[in-house]
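Just so we're aligned: 277 in full-length UniProt numbering is position 277 of the sequence shown, and the numbers increase by one with no gaps anywhere.
Inspection log for the structure reproduced underneath, given as structure tokens.
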Amino acid sequence: MVGLILALWAGVAGAATQTLSSGWRFRLDPHSPATQTHPEAAAWRAAQVPGSVQTDLLAAGVIVDPFQRGNEAALQWIGLADWQYQLPLAIDAATLRHDHVDLVFDGLDTFADVSLNGQPLLAADNMFRRWRVPVKDVLHAGSNTLQVTLHSPIARIQPWLLKQPHALPGEFDSAFGDEPKGRQTANYVRKANYQYGWDWGPRYVTEGIWQPVHLESWDDLRLADFHVAQQHVDAQAAQLLAQFDLRADHAGKAGLRVRWTAPDGSQRSTTLATSLTAGDNHVELPLRIEHPQRWWPVGYGEPNLYRFHAEVVVAGKVIASAERDTGLRSVELRRQRDRWGRSFAFVINGVPVFAKGANLIPLDSFPERVTGSRLQQILQSARDANMNMLRVWGGGYYQSDAFYALADRLGLMIWQDFMFGGAIPPYDAAFRENTRIEATEQVIRLRDHPSIVLWCGNNEVQTGWESWPDRKQFAEAIGPVERARVEQGMRTLFGETLRDVVQRHAPDVPYWASSPGTDFDGPANVPDDGDMHVWDVWAGSAPIEDYLKTTPRFQSEYGLQSFPALATLRSFAAPSDLSPESPVMRAHQKFDGGNGNQRLLSYIRKYYGEPKDFASFVYLSQVMQAEGIELAADHLRSARPQSMGSLYWQLNDVWPGASWSSVDYFGRWKALQFHARRFYAPLRVAPIRRGGRTEVFLVSDRTAPLDARLRLRVMDMDGRLLHERVEPVRLPASSSTRVAELNDAALLQTADPRRSFAVFELVGQGRTLSRHLLYFEPALALQLPDPGLHAELAEDHQGTVLRIRAKRLAREVWVDFGSLDAQLSDNAFDLLPGEQVELRVAGTADIASLRNALRVHSLVDATAHAASAQESARP
Numbered sequence: 001m002v003g004l005i006l007a008l009w010a011g012v013a014g015a016a017t018q019t020l021s022s023g024w025r026f027r028l029d030p031h032s033p034a035t036q037t038h039p040e041a042a043a044w045r046a047a048q049v050p051g052s053v054q055t056d057l058l059a060a061g062v063i064v065d066p067f068q069r070g071n072e073a074a075l076q077w078i079g080l081a082d083w084q085y086q087l088p089l090a091i092d093a094a095t096l097r098h099d100h101v102d103l104v105f106d107g108l109d110t111f112a113d114v115s116l117n118g119q120p121l122l123a124a125d126n127m128f129r130r131w132r133v134p135v136k137d138v139l140h141a142g143s144n145t146l147q148v149t150l151h152s153p154i155a156r157i158q159p160w161l162l163k164q165p166h167a168l169p170g171e172f173d174s175a176f177g178d179e180p181k182g183r184q185t186a187n188y189v190r191k192a193n194y195q196y197g198w199d200w201g202p203r204y205v206t207e208g209i210w211q212p213v214h215l216e217s218w219d220d221l222r223l224a225d226f227h228v229a230q231q232h233v234d235a236q237a238a239q240l241l242a243q244f245d246l247r248a249d250h251a252g253k254a255g256l257r258v259r260w261t262a263p264d265g266s267q268r269s270t271t272l273a274t275s276l277t278a279g280d281n282h283v284e285l286p287l288r289i290e291h292p293q294r295w296w297p298v299g300y301g302e303p304n305l306y307r308f309h310a311e312v313v314v315a316g317k318v319i320a321s322a323e324r325d326t327g328l329r330s331v332e333l334r335r336q337r338d339r340w341g342r343s344f345a346f347v348i349n350g351v352p353v354f355a356k357g358a359n360l361i362p363l364d365s366f367p368e369r370v371t372g373s374r375l376q377q378i379l380q381s382a383r384d385a386n387m388n389m390l391r392v393w394g395g396g397y398y399q400s401d402a403f404y405a406l407a408d409r410l411g412l413m414i415w416q417d418f419m420f421g422g423a424i425p426p427y428d429a430a431f432r433e434n435t436r437i438e439a440t441e442q443v444i445r446l447r448d449h450p451s452i453v454l455w456c457g458n459n460e461v462q463t464g465w466e467s468w469p470d471r472k473q474f475a476e477a478i479g480p481v482e483r484a485r486v487e488q489g490m491r492t493l494f495g496e497t498l499r500d501v502v503q504r505h506a507p508d509v510p511y512w513a514s515s516p517g518t519d520f521d522g523p524a525n526v527p528d529d530g531d532m533h534v535w536d537v538w539a540g541s542a543p544i545e546d547y548l549k550t551t552p553r554f555q556s557e558y559g560l561q562s563f564p565a566l567a568t569l570r571s572f573a574a575p576s577d578l579s580p581e582s583p584v585m586r587a588h589q590k591f592d593g594g595n596g597n598q599r600l601l602s603y604i605r606k607y608y609g610e611p612k613d614f615a616s617f618v619y620l621s622q623v624m625q626a627e628g629i630e631l632a633a634d635h636l637r638s639a640r641p642q643s644m645g646s647l648y649w650q651l652n653d654v655w656p657g658a659s660w661s662s663v664d665y666f667g668r669w670k671a672l673q674f675h676a677r678r679f680y681a682p683l684r685v686a687p688i689r690r691g692g693r694t695e696v697f698l699v700s701d702r703t704a705p706l707d708a709r710l711r712l713r714v715m716d717m718d719g720r721l722l723h724e725r726v727e728p729v730r731l732p733a734s735s736s737t738r739v740a741e742l743n744d745a746a747l748l749q750t751a752d753p754r755r756s757f758a759v760f761e762l763v764g765q766g767r768t769l770s771r772h773l774l775y776f777e778p779a780l781a782l783q784l785p786d787p788g789l790h791a792e793l794a795e796d797h798q799g800t801v802l803r804i805r806a807k808r809l810a811r812e813v814w815v816d817f818g819s820l821d822a823q824l825s826d827n828a829f830d831l832l833p834g835e836q837v838e839l840r841v842a843g844t845a846d847i848a849s850l851r852n853a854l855r856v857h858s859l860v861d862a863t864a865h866a867a868s869a870q871e872s873a874r875p
């Protein structure tokens, strides 16, 4: 994984940074009881830093693949044991001639005792903090020994917790018996919560040196931070402050120089002469940029970035330097009273933006396995699906610099949670102070990224406390005095401590106390104020059409599950495992202890019928998810400006298995991701049908008005046109316009609702800008014909092309190349009778292999009901 903290200065005169990444070894701590049951882990072996014990054991061949079949249960002992990492460290005399030599850990996971040459240096207790220790007096020329002892967070906390009169409510109890029910240690540890197990991922309680380690040598002065603060930015000017945080050994004169390069390549610079005192210095250099080339979210302009280069000059020599890429923009979270309550809208550079996107969870159970290419793939997938925002959810970890730099360049807005995932936090001052330092370091690290448009205190802490049954029972049981302490602790941490960190160090970015919430201005998770998580559908087993019953001001979570592609399932499962209720499929279904597959089946049966086989079950799960989330997203977008955001749960996976994701662990797009590209498109025709009446909305995210035509056709499934009408329409900029309300009788006239459908098309600029097919019955009740699909692969000057033609209506056409490396330009689409599409096929597979692997099917192929409906529909 790309390092969490990048070095501020590199190649600077008088300073040197040595990265300590090679030569590490690890073993089970000899004092750990696990040496009796796992002696194979007691010998010293090569280690990877950054890394974790689990991935080091896997690389050494000591354990089986953690993601294969049901291996999770047999590997829980790793997170319950203590481990040692050791590095022989060669130090030359030149290093020791520096005034300062600091050992810097960018991240330790999590309880770690660090010693150098047998002398204790550090006791770390927070996965999200950076640790810097002066070590010049401990080092000697020649060979030195650096040792890190990592302690099981469960074993460290559990003895204390078991003695307490109560345990604060957490998230998910362990399925493996290592913690008593209701006595979760995760609440009390500043560590990624998801690694204790979630309802979409496994329980792997990692330990390790999970971020880079450096030895930094310097003399006289160190540049601790350089930041470009944005005091005011508009179209006329950007008023900025170049802020230097300097650590100086002696008082004296220094020169500060800042040079910046605009997106168009033009350059300017400015200087400041200043006097430094011995100790810490904070110096500000005002900058003004006329007519700035501002950073915009995707769809609203270019994501322009400026490069700022800073230098500290003493006696004519550059002794420290730093670089920052940042975008100049203003951010407002608009909260205004209106006829629907109180708004929740992001306003960038004065322009209200409807947020379209998804929630992002960590990309792997083991963060060190996340490469730059995986980051690029998932963020590009979001951008390619017309998303403009991702919410970095609070139960994981703060992402790498590379992640936010990619978001900056792609124009993706980032809603950034602090790392609290729903559990009730301790209220003691020591825990709060540890969190304050963590938050300060992370905000300072990330504040120059223009993509970050919100800092949020937590995920679901407030709403959980107010409404979840286990929390309500707990609050009643502990009595009013203790209850008041817990509640005040939450308000202090999320309403004051974290808010103050953001306001001090990144005042240009809004802060929000809790999601969902009203910023502690009333109850959480209400439709008329703040943001809302909508989980009646799926979690509450409500029908999918219930998405239409609620119109939040901003819907920051909602979701439906599905299975990943068969190729992904086969990566961890044997052929005998391929059934919904097999032990392996249940082990990779974390919702309700494996019972989520029955929940999936209940939704599939309700809307589509009984799957013919396991492959059909997988396909139908994706169709159900895609069509359900599409309904919700269309509803939210059509309700603009009452609603100003749609972030579905979730974009990605931490491992291969059933979940709410639209892109699976290996980066394969599910049907939902292809649908998202259409329902999040800048122009959208959205017919919303309720109770036999259809309202038609035209949605535009364009910044200029558009004149077009709305075409309505009603057809039968064999292609016979029943009636048609075309009328001119105007789409105002950044709007949703209701253009028609039609009842079923007017649309169908005398047509059979089981054999007919409506086609709504927005036509302009010589092409179809948006198309939406509307059905009058659930898929279960439709008499879908055999579409007569014909597919043909060919090569042209651009590469490989797949042409697909349908004789009759083909609903939810799915193209599959199995495990081959093949990416399609589109999938999960409807084809009209007689229609042909051309899809581009990218990847490394040759055309002969593609032809051999090609499978094309549609909804009619997936259920026994559909097959019988075909028979009955034939003359």
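Ideal Cβ placement from N, Cα and C applies to all residues, glycine included.
Does DSSP classify K71 as helix, strand or coil?
Within the sequence shown, the letter at position 71 stands for residue 71. Residue identity check: residue 71 is Asn in the sequence provided, not Lys. Correct three-state label for N71: helix.
Inter-residue spacing [alpha-carbon to alpha-carbon] between P875 and D744:
Taking the sequence shown and counting its residues from 1, the one referred to as residue 875 is at position 875. Taking the sequence shown and counting its residues from 1, the one referred to as residue 744 is at position 744. Residue confidence for P875 is low, a pLDDT of 36 falling below 50, so the modelled location carries little weight and cannot support an answer.
If you reduce the DSSP assignment to three classes, tell me which class D592 lands in.
Locating residue 592 in the sequence shown gives position 592, counting from the first residue. Here D592 sits in helix by DSSP.
Buried or exposed: W9, going by 16 or more other Cβ atoms within 10 Å of its Cβ?
By 1-based counting over the sequence shown, the position of residue 9 is 9. Here the model assigns W9 a pLDDT of 32, short of 50, so the residue's position is not dependable and the matter cannot be decided.
Taking only the alpha-carbon atoms, compute the straight-line gap between S21 and P480 and give it to the nearest angstrom.
Numbered from 1 along the sequence shown, position 21 holds the residue referred to as residue 21. Numbered from 1 along the sequence shown, position 480 holds the residue referred to as residue 480. Their backbone Cα atoms lie some 52 Å apart in a straight line.
Do N388 and L412 count as a contact pair if the criterion is CB distance below 8 Å?
By 1-based counting over the sequence shown, the position of residue 412 is 412. By 1-based counting over the sequence shown, the position of residue 388 is 388. Contact flag set, yes.
Identify the continuous alpha helix (DSSP H) that holds G489 and give its terminal residues.
Here the question's residue 489 lines up with position 489 in the sequence shown. Residues P469 to M490.
Could you tell me the alpha carbon to alpha carbon distance between P787 and V298, rounded to whole angstroms?
Stepping through the sequence shown from its first residue, residue 787 is reached at position 787. Stepping through the sequence shown from its first residue, residue 298 is reached at position 298. About 38 Å.
In chain order, what residues of the same chain lie with their CB nearer than 8 Å to the CB of residue 881, ignoring the 5 residues before and after it?
Nothing in the structure corresponds to residue 881, since the chain is present only between 1 and 875.
Would you say A407 and S373 are within 8 Å of each other, going by their C-beta atoms?
Here the question's residue 407 lines up with position 407 in the sequence shown. Here the question's residue 373 lines up with position 373 in the sequence shown. No, the Cβ-Cβ distance between A407 and S373 is not below 8 Å.
Proximity of Q18 and Q86 at Cβ, strictly below 8 Å:
Your numbering for residue 18 matches position 18 in the sequence shown. Your numbering for residue 86 matches position 86 in the sequence shown. Cβ atoms of Q18 and Q86: not closer than 8 Å.
Does the distance from the C-beta atom of P153 to that of V205 stay below 8 Å?
Numbered from 1 along the sequence shown, position 153 holds the residue referred to as residue 153. Numbered from 1 along the sequence shown, position 205 holds the residue referred to as residue 205. Contact flag set, yes.
Residues bridged to T261 (per DSSP):
Locating residue 261 in the sequence shown gives position 261, counting from the first residue. T261 pairs with Q267 and R307.
What is the rounded straight-line gap between the Cα of D470 and the Cα of P169?
Taking the sequence shown and counting its residues from 1, the one referred to as residue 470 is at position 470. Taking the sequence shown and counting its residues from 1, the one referred to as residue 169 is at position 169. Roughly 7 Å separates the two Cα atoms.
Are the beta-carbon atoms of residue 878 and D249 separated by less than 8 Å?
This structure gives no information on residue 878, because the portion of the chain shown stretches from 1 to 875.
Relative to the alpha-carbon of R708, which residue among G691, R684 and D716 has its alpha-carbon at the smallest distance?
For this step, residue 708 is matched to residue 708 along the sequence shown. Reading the sequence as shown, one finds Ala at residue 708 and not Arg. Of the listed residues, the one whose Cα sits closest to A708 is R684.
Uninterrupted alpha helix (DSSP H) stretches inside the segment 572-628 (no shorter than 4 residues):
583-587 and 596-607
Can you find the residues in the same chain that come closer than 6 Å, C-beta to C-beta, to V12, ignoring five residues on each side of it along the sequence?
The sequence position of residue 12 within the sequence shown is 12, counting from 1. Any answer about V12 is weak, because its pLDDT of 37 lies below 50 and its placement is not dependable; what the coordinates show is given next. Around V12: A320 and S321.
C-beta neighbour in chain C for T270, strict 8 Å:
Of the protein chains in the structure, only one exists, and it is not chain C.
Give the straight-line distance between the Cα atoms of I424 and Q503, rounded to the nearest whole angstrom.
Translated into positions along the sequence shown, residue 424 becomes position 424. Translated into positions along the sequence shown, residue 503 becomes position 503. Using only the alpha carbons, I get a separation of about 24 Å.
Per-residue DSSP class, three states only, for P202
On the sequence shown, position 202 is the one that residue 202 refers to. P202: strand per DSSP, three-state reduction.
If you check the beta carbons only, do E179 and G422 fall under 8 Å apart?
Stepping through the sequence shown from its first residue, residue 179 is reached at position 179. Stepping through the sequence shown from its first residue, residue 422 is reached at position 422. Contact: no.
Which two residues bound the contiguous alpha helix (DSSP H) that contains W160?
Translated into positions along the sequence shown, residue 160 becomes position 160. Run containing W160: P153 to L162, per the alpha helix (DSSP H) assignment.
Would you check if the distance between the CB atom of Y648 and the CB atom of A658 is smaller than 8 Å?
Indexing the sequence shown from 1 puts residue 648 at position 648. Indexing the sequence shown from 1 puts residue 658 at position 658. The answer is no: Cβ separation not under 8 Å.
Of all the beta strand (DSSP E) runs that stay within the bounds of the segment 670-725, which reach a length of 3 or more residues?
683-690, 693-700 and 706-716
For the pair the segment 664-675 and the segment 817-828, tell me if three or more CB-CB distances fall below 8 Å.
yes
Contact set for F67: own chain, Cβ-Cβ below 7 Å, skip 5 residues either direction:
To locate residue 67, count along the sequence shown from 1; it is residue 67. Hits under 7 Å: F572, W655 and P656.
For the beta strand (DSSP E) containing E795, list its first residue and its last residue.
On the sequence shown, position 795 is the one that residue 795 refers to. From DSSP, the beta strand (DSSP E) with E795 extends over H790 to D796.
Helix, strand or coil for A869? Go by DSSP, reduced to three states.
Mapped onto the sequence shown, residue 869 falls at position 869. Caution applies to A869, whose pLDDT of 48 falls short of 50 and renders its modelled position unreliable; the model cannot decide the point.
Under the DSSP definition of a beta bridge, which residues are partnered with W295?
Position 295 of the sequence shown holds residue 295. BP columns for W295 point to P303.
Check whether the segment 332-339 touches the segment 240-259, counting contact only when three or more Cβ pairs, one atom from each stretch, lie closer than 8 Å.
no
As a quick exercise: from S735, G818 and W218, pick the residue whose alpha carbon is nearest that of P641.
In the sequence shown, counting from the first residue as 1, residue 641 sits at position 641. Residue S735 is the option with its Cα nearest to P641.
Beta-carbon contacts of A7 that lie in its chain and below 6 Å, excluding the five residues immediately before and after
Reading the sequence shown from its first residue, position 7 is the one you call residue 7. Residue placement at A7 is poorly supported in this model, since its pLDDT is 34, which falls under 50; the coordinates still yield a value, given next. Here the set comprises T17.
Euclidean distance between Cα positions of V584 and D82:
In the sequence shown, the residue the question calls residue 584 occupies position 584. In the sequence shown, the residue the question calls residue 82 occupies position 82. Rounded to whole angstroms, V584 to D82 spans 29 Å at the Cα level.
Check the DSSP bridge columns for K356 and list the partner residues they point to.
Taking the first residue of the sequence shown as 1, we reach residue 356 at position 356. In DSSP, K356 forms a bridge with S646.
Using three-state DSSP, classify S661 as helix, strand or coil.
Position 661 of the sequence shown, counted from the start, is the residue given in the question as residue 661. In the structure shown, S661 sits in coil (DSSP, three-state: anything other than H, G, I, E or B).
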